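Q: Submitted below is the structure of interest, expressed as structure tokens.
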Amino acid sequence: KKKKKKQKRPVVELQPEMGYIKLKTLQHLYFYALGLETQSPKRAGVELLNPTNVAKTCVVVVDNLDHAVFTRFAEKLPLLSTLRFCTLHLPSSNNFLYPPVNTLLHAKVGKSAAKPAAEPVESRENMLQALRLTAQQMKDHEYPLLSPEGTLPAGYTRLTKAAQPADNSPPLFSIDCEMCTTCEGLELARVTVVDETETVVYDSLVLPPNPILDYNTKYSGITADMMQGVTETLEDVHHALLDLIPENSILIGHSLENDLRALKLYHDKVIDTALVFEHTRGPLFKPALRWLTEHNLHRKIQQNEAGHDSKEDAIAALELVKKKLEHGHGFGRIKPQEESVFARLGMARIESCILAPADDSRTHSTHPVHIFPCADDSEVLKALGTSHARDSRFLFVRLVGLRRLPPLDEDAAEEQWTAALEHTHTALQQLLHSLPEQSLFVVASTSDPQHVLRLHREKRTAGAAWTPDQERELEAAVADAKNALCFLHIV
């Protein structure tokens, strides 16, 4: 009798020529292990031998585990300390960190991707309802909100003019503001309101309550000469808008949260063209109004070297919404450059599963993947026992137990970090033990983004007052935060 040929065991090796590998390389690796790629990622620093014998692939993201934390607490993570590891570069530009999970779970659209079906045009009422931001979207994008007790923020007002009884549909008003920099940051200096017929119904320069330090002319179009003799105050603007705009109106704008904050105006019926139209890089990015206007209205705006024109911007945002109402949700929809990896896995009939916070799974919910939204790591371990998690050939997990811990230099921080790291080790151990033999186990860490996020908030507040030294500080923070860790193992 012929002896049965022994199956060759998969082998994974890290060979980073540059001392690091890129996050996208890990996607290439798991695609190769699942048979979705035919080319080995060897040239990118990872070697996988006998990929067809990989029984299952498990990719785990561990938040906020950077080099400093791992070096200091290596004994609390004995499992990771025994695995092959190297520096992992998270996706970034000079001054911006891109979401790592989005990079791991999205890939360039394949040639076989199905074309989206044409969508029917809904009624105006249904379209307006669909385009309006939800309460959660307004919260996520930092719109002015009422307090839990229902009170307005200090200094804010709201629309109170009664709607006309004969109105069959809420009126539309498009708003655009320009801001100057004062000692308090960006403050309102001009406001323009356009009605649905594209008629300017209110346009006024506004005197900020604090001395102007920078007119931001390049962006605002406002000069010192224009502001000579201006006496209109924010209070005057409030009176004018409350007389002009009924409370049932829908306000339109581009990144309208900035305008409403400058106006100190609360309104819960808004359409934001920065959110209802897509960016070519996906839902985590906002398209520029200039780009939307050129690609969808076939004209150019913001071409004046003297700065932006709030009337031009308000009309452009209004026209974009009117085109959506006329042609349906498909208007302005771009051909995506990337698709969910679960679309690719579904096409290949590879069963997959996500155990991660709801935000990570929301964009993949329309694809053939088993989703278990997990608020914390204990819920991950609970879901790990399900047949879907057990039987899927691709399992994606995100561990969040190291989030929201105090800085290590604070009193009592070490105790909290020690406890959290021990829980993370336990979760990783259970994940590893749940996998069948010859599984590929990939762990990618992220660094704590809070310092970078704080600097970005300060940059938005400072506007044109942001200095080159501050920009260099931001770039240094990004360069530090993009360094994470990658661990690989064959069970």
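When you line the sequence shown up against the working numbering, it's residues 4 to 494, in that order. The C-beta atom is built at its ideal place from N, Cα and C for all residues, glycine as well. Owing to the predicted nature of the structure, the values given are computational and were not obtained by experimental measurement.
1. Should residue 129 go down as buried or exposed, given a rule of 16 or more other Cβ atoms within 10 Å for buried?
2. Pairs of beta-carbons, one from the segment 301-321 and one from the segment 341-349, closer than 8 Å: are there three or more?
3. Compare the C-alpha of residue 502 against each of 14, 13, 73 and name the closest.
4. Any chance you could list the alpha helix (DSSP H) runs of at least 4 consecutive residues sitting entirely within the segment 326-406, in chain order?
5. Quick one, are the C-beta atoms of residue 492 and residue 86 less than 9 Å apart?
6. Between residue 384 and residue 402, what straight-line distance do the alpha-carbon atoms span, to the nearest angstrom?
7. Smallest Cα separation from residue 209: which of 225, 456, 199, 177?
8. Return the CA-CA distance between residue 415 and residue 297, expressed in angstroms with no decimal places.
9. Under a Cβ-count criterion, where at least 16 other Cβ atoms within 10 Å of its own Cβ denotes burial, should residue 337 be classed as buried or exposed?
10. Beta-carbon within less than 8 Å of residue 289's beta-carbon, same chain only, minus the 5 sequence neighbours each way: which residues are those?
11. In chain order, what residues of the same chain lie with their CB nearer than 6 Å to the CB of residue 448, ignoring the 5 residues before and after it?
12. Residue 36 and residue 57 look like a contact to me (Cβ under 8 Å); what is the Cβ gap, rounded to whole Å?
13. Suppose you measure from the CA of residue 97 to the CA of residue 240; what does that come to, to the nearest Å?
14. According to DSSP, simplified to helix, strand and coil, what is residue 249?
15. Which runs of the beta strand (DSSP E) at least 3 residues long sit entirely within the segment 143-211? Give them in chain order.
16. For residue 25 and residue 472, I'd like the C-alpha separation in whole angstroms.
17. Using the three-state DSSP reduction, which class does residue 32 fall into: helix, strand or coil?
18. As a quick exercise: from 457, 190, 206, 235, pick the residue whose alpha carbon is nearest that of residue 262.
19. Which of the three DSSP states is assigned to residue 275 in this structure?
20. Can at least three beta-carbon pairs, one atom from the segment 211-223 and one from the segment 181-188, be found at a separation below 8 Å?
21. What are the complete beta strand (DSSP E) segments, minimum 3 residues, inside the segment 42-75?
22. Give me the Cα-Cα distance between residue 400 and residue 174, rounded to the nearest whole angstrom.
23. Pick helix, strand or coil for residue 448, following the three-state DSSP scheme.
24. Starting from residue 217, follow the beta strand (DSSP E) in both directions and report where the run begins and ends.
25. In the DSSP output, which residue or residues are listed as bridge partners for residue 255?
26. Note down the Cα distance separating residue 323 from residue 300, rounded to an integer number of angstroms.
27. Given a threshold of 16 other Cβ atoms within 10 Å of its Cβ, counted over all protein chains shown, does residue 381 qualify as buried or as exposed?
28. Would you call the CB atoms of residue 371 and residue 348 closer than 9 Å?
29. Residues in the same chain with beta-carbon distance under 8 Å from residue 428, minus the five sequence neighbours each way, listed in chain order, please.
30. In the DSSP assignment, find the beta strand (DSSP E) that holds residue 16 and state where it starts and stops.
31. Do residue 266 and residue 197 count as a contact pair if the criterion is CB distance below 9 Å?
32. Alpha carbon to alpha carbon, how far is residue 406 from residue 103?
33. If you follow the alpha helix (DSSP H) that residue 295 is part of, which residue opens it and which one closes it?
A: Straight from the coordinates:
1. Result: exposed.
2. Taking 8 Å as the limit for Cβ pairs, the verdict is that the segment 341-349 does not touch the segment 301-321.
3. The structure shown does not extend to residue 502, since the chain is modelled only from 4 to 494, so the question has no answer here.
4. Whole alpha helix (DSSP H) segments, 4+ residues: 344-350, 361-364, 380-387, 390-394.
5. Note that the C-beta distance between residue 492 and residue 86 is below 9 Å.
6. Spanning the two alpha carbons is a distance of roughly 10 Å.
7. Ranking the options by Cα distance to residue 209, first place goes to 225.
8. Answer to the nearest angstrom: the Cα atoms are 55 Å apart.
9. Per the 10 Å Cβ criterion, exposed.
10. For residue 289, where only same-chain residues beyond five positions count, the Cβ hits under 8 Å are 258, 277, 278, 282.
11. Cβ neighbours of residue 448 beyond the five flanking positions: 65, 68, 487, 488.
12. Confirmed, Cβ separation roughly 4 Å.
13. As the crow flies, the alpha-carbon of residue 97 is around 40 Å from that of residue 240.
14. Residue 249 falls in the strand class under three-state DSSP.
15. Within the segment 143-211, the complete beta strand (DSSP E) runs of at least 3 residues are 175-185, 188-198, 203-208.
16. Rounded to whole angstroms, residue 25 and residue 472 show a C-alpha spacing of 29 Å.
17. Of the three classes helix, strand and coil, the one that applies to residue 32 here is helix, per DSSP.
18. From the listed residues 457, 190, 206, 235, the smallest Cα separation to residue 262 is found for 190.
19. Strand at residue 275.
20. In short, these stretches touch, since the Cβ pair count reaches three.
21. Residue ranges of uninterrupted beta strand (DSSP E) with 3 or more members, entirely inside the segment 42-75 and ordered along the chain, are 49-52, 60-65.
22. Spanning the two alpha carbons is a distance of roughly 46 Å.
23. The answer is strand: DSSP assigns residue 448 an E or B state.
24. Residues 215-217.
25. In DSSP, residue 255 forms a bridge with 177, 274.
26. Taking the straight line joining both Cα atoms gives about 7 Å.
27. It is exposed - the Cβ of residue 381 has fewer than 16 other Cβ atoms within 10 Å.
28. Against a cut-off of 9 Å, the Cβ pair of residue 348 and residue 371 comes out as a contact.
29. Cβ neighbours of residue 428 beyond the five flanking positions: 79, 80, 81, 82, 83.
30. For residue 16, the enclosing beta strand (DSSP E) has its first and last residue at 14-17.
31. No, these two residues do not count as a Cβ contact at 9 Å.
32. Each residue's alpha carbon lies about 15 Å from the other.
33. Judged by DSSP secondary structure, residue 295 falls within the alpha helix (DSSP H) whose first and last residues are 292-295.
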